[in-house]
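In this text, residue positions in the sequence shown follow our numbering: the first is -8, and each later residue adds one. Note that the Cβ used here is the ideal one computed from N, Cα and C, for glycine as well. Here the structure is a predicted model, which means the values were calculated and not measured.
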Amino acid sequence: MLLAFDRHSGDAALPTTQRPTPAKPRRQPRQQRSAQLVADIFEATAQVLAERGPERASTNRIAERAGVSIGSIYQYFPNKAALFDALAQDRFQKLNALTLDRLSQAIDVPFPQAAEIVLRSFIDFLTENPGLGRIIVELMQPYNRTPTLMVAEAQAVQAAKTYLMRFHDTLAIVDLDTAARLSGLVIAAVGTRVLLDRPSPERRELMIRETVRMLSLYVGAVPPATDPN
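Here is the structure:
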């Protein structure tokens, strides 16, 4: 189930604060020590984003949190936008790996349960750090396509198709590729709304239940029983 907005879709841009177009990273870490430094910078950035949000997360504060000089950050990232973009791509790949793992674990699980597992993992990943979640979602928009994200999307679509193919005889699917992409678009859209709207726990559970029910009806699976309350 694709966890990114399809590059051919016409989804409206996420209503987030405008930020500078990120420049490309100045260099890539090649040695273990350099890779650890970048990992520490990423972790510090995620923490500062969680505490202060994208607008108030300064590179000075990030450097202080990481225990490095500001020059160490600029050695790899020319500006804050480039740092945020690199972090978002790193976390997006982790999110995609999580999605693939959840789908592989749910390969023998009926569609409603599998859809709920993927949807919950997506929502939990985004809302664990709302500041970072917003940047990840912005990265997923059609105007931010990168080869790395397109490869990740293709992997997710293929995993979803593999799952749907396993249950194809019991589902009412006309086209596997379309079903995989549309299911992913719905999951991504609902996850984004939960991130931005921050609904109450009760409302959040209702959104999850109704999304699973809608997707189940779409693919021809028996939907979960409706909660009488």
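Where the alpha helix (DSSP H) through residue i begins and ends
i	result
Val100	Segment: none, Val100 is in no alpha helix (DSSP H) and carries neither H nor E.
Tyr154	Pro138 to Arg157
Arg204	Pro192 to Val210
Ala179	Leu167 to Asp188
Val213	Segment: none, Val213 is in no alpha helix (DSSP H) and carries neither H nor E.
Alpha-carbon to alpha-carbon, residue j and residue i
i	j	result
Arg56	Gly182	29 Å
Asp188	Asp115	14 Å
Pro133	Arg184	17 Å
Val213	Arg24	52 Å
Asp2	Ala180	Unreliable positioning characterises Asp2 in this predicted model, as indicated by a pLDDT of 34, which lies under 50. The coordinate reading is nonetheless provided below. Approximately 9 Å between the Cα atoms of the pair.
Ser60	Leu140	31 Å
Arg200	Asn51	43 Å
Phe83	Asn70	20 Å
Thr161	Glu196	27 Å
Met131	Glu34	21 Å
Asp168	Val142	16 Å
Thr137	Val165	30 Å
Leu176	Gly58	39 Å
Arg194	Leu186	13 Å
Glu144	Tyr65	30 Å
Proximity of residue i and residue j at Cβ, strictly below 9 Å
i	j	result
Leu89	Ser63	no
Glu129	Asn135	yes
Ile32	Leu74	yes
Ile178	Thr153	no
Leu78	Leu123	yes
Ser207	Phe102	yes
Ala163	Ala151	no
Ile127	Leu86	yes
Arg125	Pro190	no
Arg172	Val210	no
Reference residue i; option with closest CA among the options
i	options	result
Ser95	Leu155, Met198, Val29 and Tyr209	Leu155
Ser174	Arg47, Ala79, Leu110 and Ile98	Leu110
Pro192	Thr118, Leu91 and Val39	Thr118
Leu40	Asp76, Ala26 and Asp99	Asp76
Asp81	Arg204, Leu186, Arg157 and Ala37	Ala37
Ala72	Gly58, Glu42, Ala48 and Ala105	Ala48
Ala97	Phe158, Arg204 and Leu186	Phe158
Arg204	Val100, Ala26 and Gln104	Gln104
Complete beta strand (DSSP E) runs within the segment 11 to 98 (minimum length 3 residues, chain order): none
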